[in-house]
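Peer 1: Here's a structure for you.
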Amino acid sequence: MRFDIVTLFPEFFKTPFEVGLMSKAIARGIAEVHCTNPRDFTQDKHRRVDDEPYGGGVGMVLKPEPIFAAVESLPVLPRREVILTTPQGEPMSQQHFKTWAADCEQLVVLCGHYEGMDERVTHLVTREVSLGDFVLTGGEIPALALVNGVVRLLPGTVGKAASLAADSFEDGLLDYPHYTRPAVFRQWPVPEVLLSGNHAKIAQWRRSQQWERTRSRRPDLLNEGVKEGLEDHGDITESAVNYHSSSRGD
102 MRFDIVTLFP EFFKTPFEVG LMSKAIARGI AEVHCTNPRD FTQDKHRRVD
152 DEPYGGGVGM VLKPEPIFAA VESLPVLPRR EVILTTPQGE PMSQQHFKTW
202 AADCEQLVVL CGHYEGMDER VTHLVTREVS LGDFVLTGGE IPALALVNGV
252 VRLLPGTVGK AASLAADSFE DGLLDYPHYT RPAVFRQWPV PEVLLSGNHA
302 KIAQWRRSQQ WERTRSRRPD LLNEGVKEGL EDHGDITESA VNYHSSSRGD
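Quick note: the sequence shown uses the working numbering, first residue 102, plus one each step.
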């Protein structure tokens, strides 16, 4: 899969793509990442990419000409999406990543800066996305999160496909707690059920933890179908509450 990042700071992406699963995916040819700098498409000696906003106001606005030229210089693969990272966009989600990983051959990601891009740039864009309800210094961090989230879903990136199936949000719920050795750390023991070897009970316990975590931390994730499931599993959620109370000394 091809990723084209249009950014004023291509050096920002150097290290993240040279470590961990990202570097392995690139080395294996699963993903290829290219950075294009709009400054390389300016027409003046100062390589200026921004200007003052019409109508007045603070800050500077990214000019449309270098952005259009940068995007139009890129190859166009058959299944392509052009994405603008902006606080005004819809929040990125795991469903976005799954859709892009399954349906796209190429993602072009535009990184905003300053007061944003000239609105006419949106004529290039097929989707606007945000990392959340906060403002960053630029669109590079959301772009990095986007590429990372999609690449890890591409076949061959993660060694065990089961690891992806167990991710948070895969079934609309948060992930369950994870434990490893030692069995007791300071005053906190691993829940006995995880040491029992009873796979059915372990699965039930993990599911109960997912229900309760989602209900207490992210109730906004619970659609009507999941809420009905919660009501039908009162014994499960009650056991989750009891576990949390006892483990925390409440």
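Note that CB positions come from ideal geometry on N, CA and C, so glycine has one too.
Quick caveat: nothing in here was measured; it's all calculated off a predicted structure.
Assess, as a yes-or-no matter, whether the region 153–162 is touched by the region 216–232 under the definition of 3 or more beta carbon pairs within less than 8 Å.
Peer 2: In short, these stretches touch, since the Cβ pair count reaches three.
Peer 1: Give me the DSSP bridge partner(s) of R137.
Peer 2: Within the sequence shown, the letter at position 36 stands for residue 137. Residue 137 is actually Thr in this sequence, not Arg. Answer is V107, bridged to T137.
Peer 1: Where does Y155 land, buried or exposed, given buried means 16+ other C-beta within 10 angstroms?
Peer 2: By one-based count along the sequence shown, residue 155 stands at place 54. With fewer than 16 other Cβ atoms within 10 Å, it is exposed.
Peer 1: Going by alpha carbons, who is nearest to T51 out of H147, L274, L296, A170?
Peer 2: In the structure displayed, the chain extends from 102 to 351; residue 51 sits before or after that span and is not available.
Peer 1: Quick one: what's got a C-beta closer than 8 Å to E153's C-beta in the same chain, skipping five residues either side?
Peer 2: Locating residue 153 in the sequence shown gives position 52, where the first residue counts as 1. Once the five neighbours on either side are set aside, the close Cβ partners of E153 are M161, V162.
Peer 1: Whole angstroms is fine: what's the gap from A99's alpha carbon to V252's?
Peer 2: Here the chain comprises residues numbered 102 to 351, so residue 99 is not present and cannot be evaluated.
Peer 1: Would you tell me roughly how many angstroms separate the C-alpha atoms of F169 and V222, rounded to the nearest one?
Peer 2: The count along the sequence shown starts at 1 and reaches residue 169 at position 68. The count along the sequence shown starts at 1 and reaches residue 222 at position 121. About 7 Å.
Peer 1: Count the C-beta pairs between the region 241–250 and the region 113–126 that are closer than 8 Å, then say yes if the count reaches three, no if not.
Peer 2: The region 241–250, when compared against the region 113–126, does touch it at the 8 Å Cβ threshold.
Peer 1: Please determine, among V248, I131, P117, S174, the residue with the shortest C-alpha to C-alpha distance to M102.
Peer 2: Here residue 102 is taken as the residue at index 1 of the sequence shown, counted from 1. With distances taken between Cα atoms, M102 lies closest to I131.
Peer 1: If you draw a straight line from the alpha carbon of I106 to that of L175, how long is it in whole angstroms?
Peer 2: Translated into the one-based positions of the sequence shown, residue 106 becomes position 5. Translated into the one-based positions of the sequence shown, residue 175 becomes position 74. Between I106 and L175, the C-alpha separation is close to 10 Å.
Peer 1: For P165, report the span of its alpha helix (DSSP H) as first-last.
Peer 2: Start at 1 with the first residue of the sequence shown, and residue 165 comes out as number 64. Where P165 is concerned, the enclosing alpha helix (DSSP H) stretches over 165–173.
Peer 1: Within 10 angstroms of its Cβ, does V209 collect 16 or more other Cβ (buried), or is it exposed?
Peer 2: Along the sequence shown, one-based indexing puts residue 209 at 108. Buried is the call here.
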